Every structure is written in C-alpha cells, then in structure tokens.
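These notes are about the structure you will find just below.
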Amino acid sequence: MADRYQQLINTPIGKIVSKQVGLPAPVKLERYEPGQAVVSGPVLVGAAPGGRLVDSIQRFLGEAGAEVVSGPPASEETFKAIVFDASGVRSSEDLREVWSFFHPVIRRVRESGRVLVLGSPPEDCEAWREATAQRALEGFVRSVAKEARRGATAQLVYVSHEAEEHIASTLRFLISPKSAYVSGQVVRVGEAVASTDAIDWSRPLDGKVALVTGAARGIGEAIAEVLARDGAHVVGLDVPALSDELQTVTGRLGGSSSTLDITDRDAPERIASHLLGEHGGVDVLVHNAGVTRDKTLGRMTEDLWDMVIAINLTAQERINEELLRREAVRTNGRICCVSSMSGIAGNAGQANYSTSKAGVIGMVQALAPRVAGAKATINAVAPGFIETRMTAAMPIAPREAARRMNSLSQGGLPVDVAETIAWFASPGSGGVNGNVVRVCGQSMIGA
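The sequence shown begins at 699 in our numbering and counts up one residue at a time.
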C-alpha cells in the first residue's frame, strides 16, 4: 500500500508545511539497484589510538571500490559514510576520542548516508574498564542513529579478536543501500565457522541451493527474489492452497517449488529427503512461513494458541533438528529465521504471536554454538512495520502510528528484510552467528 503521507510531505508545499508545523518528514530511502556501487560517495575512516581494525576496514572498503578518505577531511567536505574504529577505546576517558572524531563531521553525512562504529565485544575484554567503555558505544551509536536525518543510519559492529579478516561481508552490507531500513543495530562478528574461496560479490550465492518457506507472497517472495538475484537456486515452499502463486514465483526466478504443511508430522522428513535427493543438501535455509491469529489472551482459544506456536516456532525447531541430524545443511551453510519486533517488545492482542517470535530468537541463540560445530551459522531478522498486504489491512490510526514511530519515520519494504537475509546467507558471513538484527528503521518501541 502506498504511503500517501510520505508522498505528500515530499512535495514542495508539503516540505514547507512539515517544516513549519514540525511534522515528521521522511525522505525516500535509497535502496540497492543491480549493478549499483557498494557506496556512492566518499567514506571517511578514522580510528582511536591503538585500534586494531582500521587496516582491515580500509582494505576491504578499497576492495569494494569505495573512495576512502583518511586523515583530517577538507573543510565542509561531505561524506556518504563515516566509519570509525573504536577498538582502541579502553577506558571511559578514551571515549573522548569518539566525540573528538565525530563532533566536527557528523553533520556532513549525506542523504541516506551511513555511520559505522566498530569495536571489541565487551564480553571478550579482559579489563573491566575496557569492557565498560566498549559497552558504552551502544548508547552512542543508538543516539547517533536517532539524531541522523534524511534517511541516514548508524550501526555498531563488535569484532572479536582474530575476526578482523571476516568483516568484509558485514561492512559491504551495512555501508550500502541494501541496509536502508536497518538502523541502531548491534552486530557481532566472530571467527568464521568455515573457510571460503574467493567470493564473487555480484553473485555470492552462485551454485548454492536456498530453501525459502512461505515463499508464495509478501516477504517470502521478496526473499526468494533477492536470493535468486545473488545466484541461488531457490526452492520455494508453501501450503498447497498457494501452489499456483508459488509456482509463478519460482518459475519466474528459475527455481523449483514444493508444497506441504510444515506442521505435518512427516514434514521435516519430507523436506530433508527432497533436499538431499534433488539437490544433495541445502546451503541456505530461510524460515519465513508464519501466521497471526490475534485475540487478547482472555479471548484466545486453545486452537488459536496452538496454531501460531506450531507454525511459527515448533515447525522451525523440528525442521532444523531433522536437517542437522541428517547433515542436509552443507558446510558453511546458513539458517536464517524471521522473528518480529513483537517478539522483542510484545504486542497487545498478540500473546501467541509474540511468544512464538520470542521463541525464534531463543532458538537462534541456543542453537548458534551447535550449528557452528556443524560449520554453519544461524541468525534472525526481527522486522518492524513492513508494507505488506497484512499491514495494509490495519486500521488507519494504528497503521500511521506504526509507520512513524521509528527514526526513519516510515514503514519498511519486504526487500529490506530480504536484503538482510541475503547478508546472513552470504558465504562471506561465516563470522556472523547467533545475531538478531531488527529491520525496523530503529523502532521507538522495544530494545
């Protein structure tokens, strides 16, 4: 559904009125188009004294074709992105280095620009004062993300020691238009679970097989499209009632389709057998299928509770268990789960849905070490307000409130979720494991 408010506010008259009245003025976000550069403008790079990441940052940005600016910038020069290595911050006094770097340049970030701060995971710091200072970076980055204007975003990336060479995929995603609706997030990058050959960044999933559940429409369809764009053979899965829509999607993408109810007792076995028999296994597994059945708790029937938990959570658990048991997920494989902001903040009338989506987050965190042992990764996205058929059917008042209650003052698109999944799915993201990344424009609700 079109965001009429955003369209109106970006007309010449709308811009004048919004400024005079103080209304939110969301800009049209820059999103990735095939063939587009990773970043379309100069990138200012700085570091606190003793930072261990700056050399890797500059090298990977150079390999991505970025115009890297280091050292004091020219007066009034503007930047498409600003990247700062804060790994050298080892005490609260050292936090002054963060202020000193950003204070003169933060207002020079261009429209749809990017701010990235990289540091060390507090839990990995031996000295408690260093851990304190590194944890303080979260408050800094989230504040910058809320102060940013004109579609700009800010993120914090904690990079473990020995993981300096595994940040390329994450840098490329967070600095690019692909992360348009991701802001105020904390990402952890550790040592890669498996080694990879040289990556063709234009088609990183070439030769890979990706299973996407709930692929017939909406966010699932967008995920299938982006994974296919990146080179994957997409196996779309959905319920039999949507078989025609599913075949239209997978046929357009040169993929294949399978129909079944993921809650059936034999569904995990059938999925595993199909993937092993037809494709020799799977490289990317995307758990997107889900439902809502909203009622306040006192009015919620047992059937409504059981249905949502079974589809949104238990089915994912059972499929993961079967595929891992049968070693159907290949080396350097990826399991990507779709959670929700409702699983983080809760939502009135959605006790069943919020419980299931919080459970997805718990599953990701609990399974991450086991999956790493199988030389694979598992991560989740938590979408906020995304423009879909479901949100278009909401009453206008709560729909408008949900659209505006984030730092970007607008709803996201299905492709925003899909691009985040594609980052998780990349062979270069082997150090990204156990993360939950919100695709919500930095929602004002929740953590």
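Every residue gets a Cβ at the ideal spot worked out from N, C-alpha and C, and that includes glycine.
Small disclaimer: the values here were computed from a predicted structure and weren't measured.
Asked: Supposed close pair residue 843, residue 1105 - CB separation, criterion 8 Å; Found: 6 Å
Asked: Collapsed DSSP secondary structure at residue 673 in the structure displayed; Found: Absent from the model: residue 673. The displayed extent of the chain is 699 to 1145, so no value can be given.
Asked: Cα-Cα separation between residue 1019 and residue 983, rounded to whole angstroms; Found: 13 Å
Asked: Rounded distance between the beta-carbons of residue 880 and residue 1113, thought under 8 Å; Found: Wrong, their Cβ atoms sit about 12 Å apart, outside the cutoff.
Asked: Residue range of the alpha helix (DSSP H) that includes residue 903; Found: No alpha helix (DSSP H) holds residue 903; DSSP gives it neither H nor E.
Asked: Residue 965 beta carbon less than 7 Å from that of residue 958; Found: yes
Asked: Residue 773, buried or exposed, once every other Cβ within 10 Å from all chains shown has been counted against 16; Found: exposed
Asked: Reduced DSSP secondary structure (H/G/I, E/B, other) of residue 1169; Found: Look at the range of the chain in this structure, 699 to 1145, and you will see that residue 1169 is not part of it.
Asked: Start-to-end residues for the beta strand (DSSP E) that takes in residue 740; Found: 740-745
Asked: Where the beta strand (DSSP E) through residue 782 begins and ends; Found: 777-783
Asked: Sub-7 Å separation of residue 885 and residue 839 beta-carbons; Found: no
Asked: Those runs of the beta strand (DSSP E) which lie wholly inside the region 1045-1093 and span at least 3 residues; Found: 1074-1081
Asked: Inter-residue Cα distance where the pair is residue 1069 and residue 893; Found: 15 Å
Asked: Exposure of residue 826, with buried meaning 16 or more beta-carbon neighbours within 10 Å; Found: exposed
Asked: Selected residue, minimal CA-CA separation from residue 800, among 789, 1102, 769 and 822; Found: 769
Asked: Within 7 Å, strictly: CB atoms of residue 1062 and residue 1034; Found: no
Asked: Within 7 Å, strictly: CB atoms of residue 830 and residue 806; Found: no
Asked: Ranges of the alpha helix (DSSP H) found wholly within the region 776-859, counting only runs of at least 4; Found: 794-800 and 826-845
Asked: Residue range of the beta strand (DSSP E) that includes residue 765; Found: 765-768
Asked: Contact belief for residue 669 with residue 751 at Cβ below 8 Å, rounded distance in angstroms; Found: With the chain covering only 699 through 1145, there is no way to say anything about residue 669.
Asked: Reference residue 1111, options 918, 935 and 1125, closest by Cα; Found: 918
Asked: Alpha carbon of residue 901 to alpha carbon of residue 938, nearest angstrom; Found: 31 Å
Asked: Three CB pairs or more closer than 8 Å across the region 986-995 and the region 1003-1015; Found: yes
Asked: Nearest-angstrom beta carbon gap, residue 783 and residue 816 [assumed within contact, 8 Å]; Found: 5 Å
Asked: Buried or exposed by the 16-neighbour rule on C-beta atoms within 10 Å, applied to residue 1125; Found: buried
Asked: contact_flag[the region 948-958, the region 998-1007] where n(CB pairs < 8 Å) is 3 or more; Found: no
Asked: Straight-line Cα distance separating residue 1076 from residue 971; Found: 21 Å
Asked: Burial state of residue 963 (16 or more Cβ within 10 Å); Found: exposed
Asked: Beta carbon of residue 786 nearer than 7 Å to that of residue 746; Found: yes
Asked: Within 7 Å, strictly: CB atoms of residue 1141 and residue 1080; Found: no
Asked: Cross-strand partners of residue 883 (DSSP beta bridge); Found: 853
Asked: For residue 990, the three-state DSSP class (helix, strand or coil); Found: coil
Asked: DSSP state of residue 1107 mapped onto helix, strand, coil; Found: coil
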